[in-house]
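All remarks here apply to the structure that follows.
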Amino acid sequence: MTSECRNPFATEADSSENTVSINIGGQESELKFYEADPQNDDSWIDREVHLYLLLYSIDSRTSFKQAMYVVERLRESASTRHMPIVMAGNKVDLERKRTVSKADAKNMALTFGFVHYEISVALNHDVDDLLVGLIAEIKESINPQRELANIENQQMTDRNSLKAQDRSDFKAAIRRFSQRKKKQMGVEIEAETNKCSHLKPSNLIDRFRNWRISLPKLTQ
């Protein structure tokens with residue numbers, strides 16, 4: 251899996267609304283992101299969205315605490331209590347400066363029921379997996395039972411048809427996300443061997459760069 255990257259260290263900020271197009275196995279999806287700073291603006295909690303993506307830095311425990319504060323608010327509100335949440339710890343390239351342990355993040359994910367990733371925007375590390383996870387989580391939350399059933403049925407058909415390879419790539423990517431989620435929640439799953447052969451989000455790094463810039467300046 252690959253991502254397109256252009257100037258990840260640039261500092262100019264774009265609009266608060268960003269759109270990223272993703273092509274998985276010939277099937278295109280579009281993610282629209284609305285940036286918000288929960289420290290200074292509460293309007294985000296009333297916006298109609300399909301999912302909440304929270305970012306923190308693994309070298310800043312303060313940013314992790316702020317992200318967890320948002321998680322608690324979402325889980326306490328009746329209107330957002332059951333909304334899917336994905337949290338991403340950025341800057342895994344700064345492992346030596348880590349102050350937020352993987353165990354702490356995993357425990358919080360289990361407690362509050364969200365999916366956790368660790369990425370590096372600077373190195374474009376595991377950003378593809380995160381994007382697939384966002385799409386899968388949204389699809390699963392819209393109609394979980396039908397979607398999961400369709401994924402399993404389609405995979406059985408695709409194994410017997412080379413012409414269905416593109417669809418198989420997409421379904422395999424979604425299934426890997428489902429397995430990752432179950433694993434985080436402590437559910438045993440069988441090993442997955444399928445690979446997603448094509449994933450090219452457009453201008454993704456620029457988008458994550460903007461989110462990083464929008465985070466409040468923190469001191470530990």
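Just so you know, we're using this note's numbering here: the sequence shown kicks off at 251 and counts up by one.
Just so it is clear, CB atoms sit at the ideal spot from N, CA and C, and this is done for glycine as well.
Small disclaimer: the values here were computed from a predicted structure and weren't measured.
The Cβ atoms of His300 and Asp343 lie no closer than 9 Å to each other. If you look at Ala338, you'll find it in the beta strand (DSSP E) that goes 335 to 340. For Tyr302, the closest alpha carbon among the candidates Lys282, Ser370, Asp354, Ile308 is that of Lys282. Of all alpha-carbon atoms in Glu298, Ser391, Pro334, the one lying nearest the alpha-carbon of Tyr284 is that of Glu298. It is roughly 20 Å from the alpha-carbon of Thr349 to the alpha-carbon of Leu360. By the neighbour-count criterion, in which 16 or more other beta carbons inside 10 Å mark a residue as buried, Asn340 falls on the buried side. Collapsing the DSSP output to three states places Ser307 in a strand. Non-local C-beta neighbours of Ser279 in its own chain, meaning closer than 7 Å and more than five positions away in sequence, comprise Ile272, Ile385, ordered along the chain.
Looking at the backbone, the Cα of Glu322 and that of Asp378 are separated by about 27 Å. Burial state of Ala353 is exposed, judged by a 10 Å Cβ sphere holding fewer than 16 other Cβ atoms. Here Ser391 carries a helix assignment [DSSP, helix/strand/coil].
Judged by DSSP in its simplified three-state form, Leu281 adopts strand. Within the same chain, and ignoring the five residues on either side of Ser307 in sequence, the residues whose Cβ sits closer than 6 Å to its Cβ are Ser313, Asn340, Lys341. When DSSP reads this structure, Val365 sits in a beta bridge with Val336.
Secondary-structure assignment with DSSP links Val320 through no beta bridge to anything. Excluding its 5 nearest sequence neighbours in each direction, Leu324 has C-beta neighbours in its own chain below 8 Å: Ile295, Tyr302, Thr330, Arg331, Met333, Ile335, listed in chain order.
In this structure Leu304 is in contact with Val320, their Cβ atoms being roughly 6 Å apart against a cut-off of 8 Å.
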